[in-house]
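**Student:**
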RNA sequence: GGUGCCUUAGCUCAGUUGGUAGAGCAACGGACUGAAAAUCCGUGUGUCCCUAGUUCGAUUCUUGGAGGCACCA
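In the numbering used here, the protein residues as written are 1 to 305.
(1) Counting pairs of Cβ atoms below 8 Å between the region 11-26 and the region 280-297, do you hit three or more?
(2) Just mark residue 229 as buried or exposed, buried being the case when its beta carbon has 16 or more other beta carbons within 10 Å.
(3) What whole-angstrom Cβ distance do residue 59 and residue 43 have, given they're in contact under 8 Å?
(4) Residues in the same chain with beta-carbon distance under 8 Å from residue 103, minus the five sequence neighbours each way, listed in chain order, please.
(5) In angstroms with no decimal places, state the Cα-to-Cα distance between residue 265 and residue 89.
(6) What residue range does the alpha helix (DSSP H) around residue 25 cover?
(7) Is it right to say residue 46 is buried, meaning 16 or more other beta carbons lie within 10 angstroms of its own, or is it exposed?
(8) Let me check one thing: in DSSP terms, what residues is residue 197 bridge-paired to?
(9) State the DSSP-derived secondary structure class of residue 246, mapped to helix, strand or coil.
(10) Go to residue 164, then tell me how far its alpha helix (DSSP H) extends in each direction, as first and last residue.
(11) Please check the pair residue 141 and residue 108, which I expect to be a contact at CB under 8 Å, by giving their CB distance rounded to whole angstroms.
(12) Leaving out the 5 sequence neighbours to the left and right, which residues in its chain are closer than 6 Å to residue 172 when beta-carbon positions are compared?
(13) Here's the rule I'm using: 16 or more other beta-carbon atoms within 10 Å means buried, otherwise exposed. How should residue 52 be labelled?
(14) What does DSSP give as the partner residue(s) for residue 97 in the beta ladder?
(15) For the beta strand (DSSP E) containing residue 36, list its first residue and its last residue.
(16) Suppose you measure from the CA of residue 242 to the CA of residue 213; what does that come to, to the nearest Å?
(17) What's the C-alpha gap between residue 195 and residue 250?
(18) In this structure, how does DSSP classify residue 75 when only helix, strand and coil are distinguished?
(19) To which residues does DSSP link residue 192 through a beta bridge?
(20) Are the CB atoms of residue 35 and residue 84 within a distance shorter than 8 Å?
(21) In terms of residue numbering, what span does the alpha helix (DSSP H) encompassing residue 120 cover?
(22) Let me make sure I understand the geometry here. Which of 170, 122, 76 and 191 has the alpha-carbon closest to that of residue 98?
(23) In the DSSP assignment, the alpha helix (DSSP H) including residue 297 goes from what residue to what residue?
(24) Going by beta carbon distance, what residues of the same chain come within less than 7 Å of residue 220, once the five residues before and after it are set aside?
(25) Per DSSP, which residues does residue 63 bridge with? Please list them.
Structure below.
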């Protein structure tokens, strides 16, 4: 096995926990760029609601996958794996250390361990399945999956339309069961990975989230959302902070209700992130407000490898 | 000061003809392989304001108190 001299430092964690600042402190210290692993910050036109690093922060450290894609592009975790891996190859030509910062657990897993080579869904097949779901309900689709892929049928969450449709579209498209693509193996990367996460007291995190939503509103989130309203059906806008404001624009809820819902949904999102990252035993949990301690930990790990 | 009503989960409240209680929201736990800030599953977390009675048994009835609201002074 070749000696791996390059290292990816991962900073994961829930929304609002201080990943961006910590990432900049760490990357700044090592003279590294930051590769974002965030399924919403990749998009252009939504800087406030997705809490992208601001221009000042972007001037300090080079960032990738921030405002890099158009909202009309149906972005996926698989595409992210390919693009981020390609980019890392280039970045490692000039840097020994690259920092990945992000809250999308699936994206981080795709980057660190890889996704299986399962075909991306054909949009037409997906459309048909969604239409059937709306007309016939979930049950017929579940039964079809039981026929086409009894193995996956046993394991899958049969009440989750997204999972059923995804598995079915692969079966229909390839003529092979979805489960036959699942290897259960993690891909070996040709770089070292130091995985860290931002750990924060729950009450403190929620306070910060609530405060940040108020600041987003002051910074013009409403106007940002209004400009995106025509695109509200896009997947990129199925996003906390926008959906709630769209409801307000539609007259379904008041402005202050929208703000409260954004806070609540951000808290729930943070909780889901904590559940995801909590089961990753490779993550070393660090205090995001102590960048110096984080840097020391990373340096210790670098010496070991 | 007087009269009436109220006090039950984090919040708003329901309820128990006396057998220690339940809704909504909030919250909490979990799942997750190309939609993942998405999607889905699960869970009541409680000095029933305090006190003394009546009672086998009081959150429920009675006495006294505390706090709140309304009206009358």
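In this text, a Cβ means the ideal position worked out from N, Cα and C, and glycines have one as well.
Note that this is a predicted model, so its numbers are computed, not measured.
**Tutor:** In short:
(1) With a cut-off of 8 Å, the region 280-297 and the region 11-26 count as touching, because enough Cβ pairs lie within range.
(2) One-based indexing of the first chain puts residue 229 at position 229. With a threshold of 16 other beta carbon atoms within 10 Å, residue 229 falls short and is exposed.
(3) In the first chain, the residue the question calls residue 59 occupies position 59. In the first chain, the residue the question calls residue 43 occupies position 43. The beta-carbon separation of residue 59 and residue 43, rounded to 21 Å, does not stay under the 8 Å limit for a contact.
(4) On the first chain, residue 103 is found 103 positions in, with the first residue counted as 1. Counting only Cβ-Cβ distances below 8 Å, and skipping sequence neighbours, we find 12, 13, 14, 15, 19, 37, 38 and 273.
(5) Sequence index remark: in the first chain, residue 265 carries index 265 (1-based). Sequence index remark: in the first chain, residue 89 carries index 89 (1-based). Separation of residue 265 and residue 89 (C-alpha to C-alpha, rounded to the nearest whole angstrom) is 36 Å.
(6) Locating residue 25 in the first chain gives position 25, counting from the first residue. 19-30 is the span of the alpha helix (DSSP H), which, as asked, contains residue 25.
(7) Sequence index remark: in the first chain, residue 46 carries index 46 (1-based). Taking a 10 Å sphere around the C-beta of residue 46, we find 16 or more other C-beta atoms and assign the residue as buried.
(8) Translated into positions along the first chain, residue 197 becomes position 197. Note: residue 197 sits in a beta bridge opposite 12 and 285.
(9) Here residue 246 corresponds to residue number 246 of the first chain, with the count starting at 1. Note: residue 246 maps to helix in three-state DSSP.
(10) Here residue 164 corresponds to residue number 164 of the first chain, with the count starting at 1. Run containing residue 164: 161-174, per the alpha helix (DSSP H) assignment.
(11) In the first chain, the residue the question calls residue 141 occupies position 141. In the first chain, the residue the question calls residue 108 occupies position 108. Actually they do not touch by this definition, with Cβ atoms about 30 Å apart.
(12) Walking along the first chain from the start, residue 172 turns up at place 172. Excluding residues within five positions, the ones whose Cβ falls inside 6 Å are 125.
(13) Indexing the first chain from 1 puts residue 52 at position 52. Looking at its Cβ environment, which holds 16 or more other Cβ atoms inside 10 Å, residue 52 is buried.
(14) On the first chain, position 97 is the one that residue 97 refers to. BP columns for residue 97 point to 7.
(15) For this step, residue 36 is matched to residue 36 along the first chain. Residue range 34-36 is occupied by the beta strand (DSSP E) that includes residue 36.
(16) Translated into positions along the first chain, residue 242 becomes position 242. Translated into positions along the first chain, residue 213 becomes position 213. Using only the alpha carbons, I get a separation of about 12 Å.
(17) The residue you call residue 195 lines up with position 195 of the first chain. The residue you call residue 250 lines up with position 250 of the first chain. The alpha-carbon atoms of residue 195 and residue 250 are separated by roughly 42 Å.
(18) Working through the first chain from its first residue, we reach residue 75 at position 75. Here residue 75 sits in coil by DSSP.
(19) Taking the first chain and counting its residues from 1, the one referred to as residue 192 is at position 192. In DSSP, residue 192 forms a bridge with 7.
(20) As a first step, residue 84 must be located in the first chain, where it is residue number 84. As a first step, residue 35 must be located in the first chain, where it is residue number 35. Residue 35 is positioned such that its CB atom lies closer than 8 Å to that of residue 84.
(21) Residue numbering aside, residue 120 sits at position 120 when the first chain is read from its first letter. Where residue 120 is concerned, there is no enclosing alpha helix (DSSP H), given that its DSSP letter is neither H nor E.
(22) Within the first chain, the letter at position 98 stands for residue 98. Among 170, 122, 76 and 191, the Cα nearest to that of residue 98 belongs to 191.
(23) Within the first chain, the letter at position 297 stands for residue 297. Bounds of the alpha helix (DSSP H) holding residue 297 are 291-304.
(24) Numbered from 1 along the first chain, position 220 holds the residue referred to as residue 220. Excluding residues within five positions, the ones whose Cβ falls inside 7 Å are 48.
(25) Here residue 63 is taken as the residue at index 63 of the first chain, counted from 1. For residue 63, which the question treats as bridged, DSSP gives the partners 34.
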